[in-house]
Amino acid sequence: MDKPTYGYAGKQLRISLNNRKVTVENIDPKVLRRYLGGTGYGARILYDELKKGIDPLSKANKLIFATSPLSLNRIPGGGSVMICFKSPLTNAWSESRCGTDFGPDLKRAGYDAVIIEDRSEKPVYIVINDEDIEIKPAEHLTGKSTSEKIKMIRDELDDQKISVMSIGPAGEKLVKIAVALSDQRAAGRCGVGAVMGSKNLIGIAIKGSKEVSIAQPEKLKEAIKKAMKVVRENEIAAGFKEHGTTGEMVPNDAAGDWPTKNWHSNHWGKAEKIYDEFYNNKLIKNHACYRGCPIACGRIAEVKEGKYKTPVHEGSEYESLSAFTAFVLNDNIETAIHATYLCNEYGIDTISAGAIIAFAMECYEHGVIKKKDIGDLDLSWGNPDALPELVRLIAMREGIGDILAEGVKIASEKLGEGSEEFAIHGKGLEAPAHDARSGKALAVAYGTANRGMCHIHPLEGMAYDSGKFDFGMVKYGLTDPNTVHRWDEKGKGKSVKILQDCLIIPDILSICKFFMYGGLNIDNYADMLSALTGWEIDGWELLKVGERVTNLQRLFNMREGFGRNDDLIPERVRKIPSFGIYKDEQRCAIKDYEGMLNEYYEARGWDLITGKPSKDKLRELGLEEG
Numbered sequence: 000m001d002k003p004t005y006g007y008a009g010k011q012l013r014i015s016l017n018n019r020k021v022t023v024e025n026i027d028p029k030v031l032r033r034y035l036g037g038t039g040y041g042a043r044i045l046y047d048e049l050k051k052g053i054d055p056l057s058k059a060n061k062l063i064f065a066t067s068p069l070s071l072n073r074i075p076g077g078g079s080v081m082i083c084f085k086s087p088l089t090n091a092w093s094e095s096r097c098g099t100d101f102g103p104d105l106k107r108a109g110y111d112a113v114i115i116e117d118r119s120e121k122p123v124y125i126v127i128n129d130e131d132i133e134i135k136p137a138e139h140l141t142g143k144s145t146s147e148k149i150k151m152i153r154d155e156l157d158d159q160k161i162s163v164m165s166i167g168p169a170g171e172k173l174v175k176i177a178v179a180l181s182d183q184r185a186a187g188r189c190g191v192g193a194v195m196g197s198k199n200l201i202g203i204a205i206k207g208s209k210e211v212s213i214a215q216p217e218k219l220k221e222a223i224k225k226a227m228k229v230v231r232e233n234e235i236a237a238g239f240k241e242h243g244t245t246g247e248m249v250p251n252d253a254a255g256d257w258p259t260k261n262w263h264s265n266h267w268g269k270a271e272k273i274y275d276e277f278y279n280n281k282l283i284k285n286h287a288c289y290r291g292c293p294i295a296c297g298r299i300a301e302v303k304e305g306k307y308k309t310p311v312h313e314g315s316e317y318e319s320l321s322a323f324t325a326f327v328l329n330d331n332i333e334t335a336i337h338a339t340y341l342c343n344e345y346g347i348d349t350i351s352a353g354a355i356i357a358f359a360m361e362c363y364e365h366g367v368i369k370k371k372d373i374g375d376l377d378l379s380w381g382n383p384d385a386l387p388e389l390v391r392l393i394a395m396r397e398g399i400g401d402i403l404a405e406g407v408k409i410a411s412e413k414l415g416e417g418s419e420e421f422a423i424h425g426k427g428l429e430a431p432a433h434d435a436r437s438g439k440a441l442a443v444a445y446g447t448a449n450r451g452m453c454h455i456h457p458l459e460g461m462a463y464d465s466g467k468f469d470f471g472m473v474k475y476g477l478t479d480p481n482t483v484h485r486w487d488e489k490g491k492g493k494s495v496k497i498l499q500d501c502l503i504i505p506d507i508l509s510i511c512k513f514f515m516y517g518g519l520n521i522d523n524y525a526d527m528l529s530a531l532t533g534w535e536i537d538g539w540e541l542l543k544v545g546e547r548v549t550n551l552q553r554l555f556n557m558r559e560g561f562g563r564n565d566d567l568i569p570e571r572v573r574k575i576p577s578f579g580i581y582k583d584e585q586r587c588a589i590k591d592y593e594g595m596l597n598e599y600y601e602a603r604g605w606d607l608i609t610g611k612p613s614k615d616k617l618r619e620l621g622l623e624e625g
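Here numbering that gives the first Met the number 0 is used: position 28 in the sequence shown is 27, and no number is missing along the way.
As structure tokens, this is what we get:
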């Protein structure tokens, strides 16, 4: 079938690692129109090509690196790539986004996606340079940190500007919270690094020289100009540029939205102290993850001296610092920065690492993890020295770290003795640093997110609860957030459905979601997509694609055995905090989560008992056969 003329390359690479076979395949334009790209295209491929029940760490799993027509540096948020796979941590659908030039460079190489399958007998890395594809030996790279691997690959290729993504030692050891990094930016959550490691794939380097054809260049230029003006004049975007995501610490702590001591509380009172020390003494500058980003939310930090001395690096942002402070009652910012740096070098997810350490500390407090299990290591709450050592043990699968490397769900099942109560997760994914008791839409979004209790998909619920964000969705049926209270439960299920269909669009378009928090909406992206492709696309069509992809990912999970019970959130997250200043029931307890879930299912057209999409809904979305 002929390739699309504009916006897409119309081609994908399929690389089979076992026999080194590289195939260039045409992509059906009809599939692209229905799923657009990114996680939409990735979901279609994984649903069609993976068999039910495969082991995510077996050669049967696949990695889909996917872009979209908007994967261009000039597009607001366009510097991203989406990686889709079955998660070894959750056994569910998953994707990881990496903010980097890797995605635009993949487009410039002439491909909309790369499908990696099977397993190499020995460690390798892939080099993609337009039509030239090489699979090179990588045994000499094993055991090296992520930054060492990236430097060595660039040195070998004699190209310091080529985009490189690599795993660290944790990915090689199949740690289930392992990530892949590209220039200190992580494709985090759900264990993509472990899947790469299971395939003996150490890294990928990409370089491209092609131009993407554009249907209406002047229209695109005007759409970008209009969008950039919105972003540059937006207060939230300006706040991200000045403070990064770390600036959320103080207001979130004050609002009861800062999970503390493994979710025993949602307020600690130490955020201001921690943030001031970071901002005034450790922060060097802000940094953009891809060329051309006007927000540049990344933070470059350093600990110049002392036992936690840490070189200049990127990575200390809200989730990471919260995971290594409030989660574990540690108010030493230096060890939090150091632990974040170690996670990046070993290649493990900072959110999951902090949550696992909090779980381990609670297990130690209750005698589930005993002194004989950890030797001289002190797992008392707030002990700063425990953080870097536990990060190392988890990443290297040594001692107690071997169990903890499985994630809190599996670790609690192995440890037993009631430790399941301490494992705060959704669908097996460790919970991030936003508290569902502070806003009830967030609770529903946490439970129903297809990849689990993550820090990306449910945030639209938190943003809506704050009353500050409607994402331009009121005209599409969303109740104005200014007319509802964050603690109200009625109506939140329906609102979350609409928000999910909207906020999945950045993942489908392989762009950064922060630009929608910074003032853009689906109409802006519909205009840019129309100009790029020549298609006539509006916000309603984007929402329909969002709904289609959400349901397809749901079908993937249901085929793997997931159902309504997996849409529940931990009991501790629903209860009044055991300490802190917020203890009233209305503000800090979720009274009728099941009722909100029913409302959400009804809005989705899903069965109230099983959570399965109805035949009518699937027919409406063109998913009758999956």
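C-beta atoms are modelled at their ideal positions from N, C-alpha and C, and glycine is treated no differently. What you are looking at is a predicted structure, and each value in this text was computed from that prediction instead of being measured.
* **Element boundaries [alpha helix (DSSP H), containing S494]** => K491 to L502
* To do: Ignore the nearest five residues each way along the sequence and tell me which others in M595's own chain have a CB closer than 6 Å to its CB.
  => V443, E488, K491 and G492
* Asked: Given that a residue counts as buried once 16 or more other Cβ atoms are within 10 Å of its Cβ, and exposed if not, what is W539?
  -> exposed
* Can you tell me the Cα-Cα spacing of Y40 and T549, whole angstroms? -> 12 Å
* **Simplified DSSP state of G6, which is helix, strand or coil** => coil
* To do: Compute the distance between the beta-carbons of L45 and C97, then report whether it is under 8 Å.
  => no
* **V311 in three-state terms, based on DSSP** => strand
* Do you know whose CA, among I127, K303 and R107, lies nearest I115's CA? -> I127
* Apart from the five residues on each side of it in sequence, which residues of its chain come closer than 6 Å, Cβ to Cβ, to I134? -> R19, V123 and I125
* Asked: Looking at the structure shown, is P28 part of a helix, part of a strand, or coil, going by DSSP?
  -> helix
* Is H266 buried or exposed, if buried means 16 or more other CB atoms sit within 10 Å of its CB? -> buried
* Taking just the CA atoms, how far does I336 sit from G305? -> 13 Å
* Asked: How should E247 be labelled, buried or exposed, when 16 other C-beta atoms within 10 angstroms of its C-beta is the threshold for buried?
  -> buried
* Three-state secondary structure (DSSP) of Q183 -> coil
* Identify every run of the alpha helix (DSSP H) within the region 146 to 185, keeping only runs that are complete inside it and at least 4 residues long; order them along the chain. => 168 to 171
* To do: From the DSSP output, in three-state form, read off Y124 for me.
  => strand
* Between the Cα of S264 and the Cα atoms of N60, L328, I235 and N343, which residue gives the shortest distance? -> L328
* Backbone CA spacing between V80 and G460 [nearest angstrom] -> 24 Å
* Through-space distance from Y592 to R563, alpha-carbon basis -> 12 Å
* **Distance, G167 Cα to L140 Cα** => 10 Å
* To do: Please work out which residues of its chain come closer than 6 Å, Cβ to Cβ, to V367, disregarding the five sequence neighbours upstream and downstream, and give them in chain order.
  => L414, E416 and S418
* Asked: Can you tell me the Cα-Cα spacing of D522 and D537, whole angstroms?
  -> 7 Å
* Do A430 and M452 have their C-beta atoms closer together than 8 Å? -> yes
* To do: Within its chain, find whatever has a CB closer than 6 Å to the CB of G76; leave out the 5 residues flanking it on each side and keep chain order.
  => I510, C511 and F514
* Asked: Roughly how many whole angstroms lie between the Cα atoms of A385 and F358?
  -> 13 Å
* Roughly how many angstroms separate the alpha carbons of G525 and D401, rounded to a whole number? -> Per the sequence presented here, residue 525 reads as Ala, with Gly not at that position. The straight-line gap from Cα to Cα measures roughly 47 Å.
* **Residues bridged to R13 (per DSSP)** => T22 and I114
* Using only alpha-carbon positions, find the residue among P480, T482 and Q552 that is nearest to A448. => Q552
* Asked: Buried or exposed: L607, going by 16 or more other Cβ atoms within 10 Å of its Cβ?
  -> exposed
* Range of the contiguous beta strand (DSSP E) that encloses A65 -> L62 to A65
* To do: Just mark N17 as buried or exposed, buried being the case when its beta carbon has 16 or more other beta carbons within 10 Å.
  => exposed
* Between K582 and the rest of its own chain, which residues show a CB-CB distance below 7 Å, the 5 nearest in sequence each way excluded? -> I575 and P576
* Coarse secondary structure for A588, derived from DSSP in three states -> coil
* To do: Give a yes or no on whether the C-beta atoms belonging to L477 and L508 are separated by under 8 Å.
  => no
* Residue span of the alpha helix (DSSP H) that contains N233, given as start and end -> Neither: N233 is in no alpha helix (DSSP H) and is coded neither H nor E.
* What did DSSP end up calling K85 once you bin it into helix, strand or coil? -> strand
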